[in-house]
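> Heads up: the sequence shown at position 336 corresponds to 330 in my numbering, and the numbers run straight through without jumps.
We put the beta carbon where it would ideally sit given N, CA and C, even for glycine.
Keep in mind the model is a prediction, meaning the values are calculated, not measured.
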Amino acid sequence: MKKSLVSKGPTLWLLLSLTAVQGVSANPPSASQNAPAQSKTDVGKAQAPARTETPAEALESRNKKFQSLESFTRVLNLLETMYVDEKSVASDALVEKALKGMVGSLDPHTAYLPAQQLRELTNDTSGKFGGIGVVLTQQNGRLEVIEVVPETPAAKAKIQPGDVIVSVDSIQITKTNIDEVLNKLRGLPGSNVKLEIQPAPETIAGKTVRPKNRMLQIVREIIKSTSVVHQSLSKGYAYVRVGVFQEDTSEQVDKALRLYESENNGKLNGVVLDLRSNPGGLLDQAVRVTDLFLDAGIIVSTVGRDRARQEVEYATKRQTHPYMPMVVLVNEASASASEIVAGALQDHNRALIVGMPTFGKGSVQSIIPLPNGAGLKMTVARYYTPNGRSIQAKGITPDVTLPANPNARAAAGLKSQMVGSTDVLKEEETQTPTPPKGNRKEVDLEGHIEAADLSNSSANLGFGSDIDKWPNNLKNDYQLKMGYTYLRSWSRFAQN
């Protein structure tokens, strides 16, 4: 299988590093419903063959192309020899700007990657890079922390999710200097970087307030990202979180499953696979992770420029783990490769998908090295779930829609606020959005019935004591607790 990148985009998987995804961002879904499933033959149905050009038409087409190239080289030469400011028209810089402009008018995922950015992308997908240890997203010219990697400089400095980086080395962050700032966050291990941090808002006496900004001096370190973390939820039940699909992700998931199987007579009673805020990554790893849970059938189909040709990835029985009930957690920031996994498991009725409608990036990019050390990241195909569903701009609709906050209002508002994404992923806000006018929710209706809190549901079903033993970060995770409740109930029903 060729190695392709399917990632949401500049969710700046910068641990501190993914400028990888500069330009990989996607316009988020404008609707949260999946399109009706189409048949497998519909996906790759050949279009009517195009009319063949006559020799005269082919000659005219070639002449127009040569004229365009001649115009380009002439403009380049004129600028280099006659432009008033010689320093502004170095040929390398002009050509690079032209290349960026050439691909900039295409889809948001196709991008020209300068040499440094290409190296960073390669490092990010391999899982090793320098930085401070945070995952960032950009929101209206602001760099917001969405995850802090444990035992990294950022964690030691007590940076928290929801914090906003205001400046780096005294350079204020704006929409126009995002690349420059991201590069400054990187550096040699042992070197210092100065950050101004706007802490996440706090609720005090019912009012939302932001503490004063913090000034931090942080020493950079080599960051080794672990794409998979796992935890035992109770005897025979495992929690496996995949943060991004890197070169060894499937191997890490496989090892985690085998560990818990060995502790439970070779078979798990259930597993929660957490794909929330997973921006994507390597296509082959998404396929291999899915293959751990399916023993047959289609995992994903990719259709390129020629719709009559498809590349289809199938599940095999060789690597499949023994069947166990399964819940997959997703949210608005689950994208691309993570949507491939969730979509395949949903179409095969292999897992219950719980959470919020996903991001909706249904395209595949290949990275092509260029002679100058740079690279072209180019959209080469669309992908489809086993039932022929396109995820592009639609996302995966969960079987059970569940917000992260049990009191959250207007989850659809998240989608509407995301429309209009440009260079960098616009992810979910840290505060609950205001419902759009005319789009009221059940909670807005007078006299609506109340929902029992999950902790009560768990206790009533007899396994609340399991949750009490979890680490605090899992214990306070509403979606995980609800997913675990479904999982245990599913297993109980299967036994009866």
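Which word fits G407, buried or exposed, when buried means at least 16 other C-beta atoms lie within 10 angstroms of its C-beta?
Low per-residue confidence applies at G407: pLDDT is 36, beneath 50, and the placement is therefore not dependable, though the value from the model is reported in the following sentence. Flag for G407 reads buried.
> Rounding to the nearest angstrom, what Cα-Cα distance links K469 and P102 in this structure?
Looking at the two C-alpha atoms, the distance is approximately 38 Å.
> Just verifying my parser: in three-state terms, what is the DSSP assignment at L364?
coil
> Using DSSP's beta-bridge definition, name the partner residues of H224.
V234
> For a test of the three-state rule: what should DSSP assign to Q313, helix, strand or coil?
Three-state result, Q313: coil.
> When the distance is taken between beta carbons, is Y233 closer than 8 Å to Q225?
yes
> Is it buried or exposed, D462, if we count other Cβ atoms within 10 angstroms and call 16 or more buried?
Classification of D462: exposed, given that the 10 Å Cβ count is below 16.
> So L137 and I167 are in contact, right, with Cβ under 8 Å, and what is the actual spacing, rounded?
Confirmed, Cβ separation roughly 6 Å.
> Assign G477 to one of two classes, buried (16 or more other C-beta atoms within 10 Å of its C-beta) or exposed (fewer than that).
Around the beta carbon of G477, a 10 Å sphere encloses 16 or more other beta carbons of the protein chains shown; the residue is thus reported as buried.
> Give every residue of the same chain whose Cβ lies closer than 8 Å to the Cβ of T493, excluding the five residues on either side of it in the sequence, and list them in chain order.
Given that the chain is displayed from residue -5 to residue 490, the structure contains no residue 493 and the question cannot be resolved.
> Nearest to L88 by alpha carbon, out of E255, R68, S384 and E305?
R68
> Enumerate, from N- to C-terminal direction, the unbroken beta strand (DSSP E) stretches of 3 or more residues contained entirely within the region 109 to 157.
Counting only unbroken stretches of 3 or more residues, the beta strand (DSSP E) elements lying wholly within the region 109 to 157 are 122 to 125, 128 to 133 and 136 to 142, in sequence order.
> Taking the beta carbon of F66 as the centre, do at least 16 other beta carbons fall within 10 Å, making it buried, or is it exposed?
exposed
> What separation, rounded to the nearest whole angstrom, lies between the Cα atoms of I292 and V223?
Each residue's CA atom was taken as its position, placing I292 and V223 some 27 Å apart.
> Give me whichever residues DSSP pairs with A375 in a beta bridge.
V358
> At 4 residues or longer, what runs of the alpha helix (DSSP H) sit wholly inside the region 238 to 302?
Qualifying alpha helix (DSSP H) stretches, in chain order: 243 to 256 and 277 to 285.
> Just tell me which of V306, V236 and E307 has its CA closest to the CA of P273.
V236
> Under 8 Å, with one C-beta from each stretch per pair, do the region 331 to 346 and the region 366 to 381 reach the 3-pair mark?
Taking a contact to require three or more Cβ pairs closer than 8 Å, the region 331 to 346 and the region 366 to 381 qualify as touching.
> For L323 and L288, which I take to be in contact (beta-carbon distance under 8 Å), what is that distance rounded to the nearest angstrom?
That belief does not hold up - the Cβ atoms of L323 and L288 are roughly 19 Å apart, past 8 Å.
> Tell me, to the nearest whole angstrom, how far the beta carbon of A148 is from that of G135; I am working on the premise that it is less than 8 Å.
Between the beta-carbon of A148 and that of G135 there is about 21 Å, and that puts the pair past the 8 Å contact cut.
> Where does Q473 sit, in a helix, a strand or coil, going by DSSP?
helix
> Let me know if L262 comes out buried or exposed under the rule of 16 or more other beta-carbons within 10 Å of its beta-carbon.
Using a 10 angstroms sphere on the CB of L262, the tally of other CB atoms reaches 16 or more, which defines it as buried.
> Give the single residue among V266, L286, K229 and D278 whose Cα lies nearest to the Cα of K249.
L286
> Considering Cα atoms alone, identify which of T310, V238 and D300 is closest to L276.
V238
> So, for A151: in the same chain, excluding its five sequence neighbours on each side, which residues have a beta-carbon less than 7 Å away from its beta-carbon?
So the list reads L210 and I212, once near-sequence residues are dropped.
> Rounding to the nearest angstrom, what Cα-Cα distance links W464 and G264 in this structure?
Between W464 and G264, the C-alpha separation is close to 16 Å.
> With distances taken Cα to Cα, identify the nearest neighbour of P392 among Q359, S360, N343 and L370.
Of Q359, S360, N343 and L370, the smallest CA-CA separation from P392 is found for N343.
> Alpha carbon to alpha carbon, how far is Y106 from N207?
Spanning the two alpha carbons is a distance of roughly 36 Å.
> Along the chain, where does the alpha helix (DSSP H) containing E90 start, and where does it finish?
S85 to G98
> If you reduce the DSSP assignment to three classes, tell me which class A25 lands in.
Because A25 sits at a pLDDT of 30, beneath the cut-off of 50, its placement in the model cannot be relied upon, and the following sentence gives the value as read from the coordinates. DSSP places A25 in coil when its eight states are reduced to three.
> For I191, count the other beta carbons within 10 Å of its own beta carbon; 16 or more makes it buried, fewer makes it exposed. Which is it?
buried
> If I measure Cβ to Cβ from A280 and keep anything under 6 Å in the same chain, skipping five residues before and after, which residues do I get?
F239, A331, I334 and V335
> Under DSSP, the beta strand (DSSP E) around V213 begins and ends at which residues?
R208 to V213
> Can you say whether E307 is buried or exposed, counting buried as having 16 or more other CB atoms within 10 angstroms of its CB?
buried
> D341 to V321, Cα distance in whole Å?
14 Å
> Hey, S219 and V143: beta-carbon distance below 8 Å or not?
Taking a C-beta distance under 8 Å as the contact criterion, S219 and V143 qualify as a contact pair.
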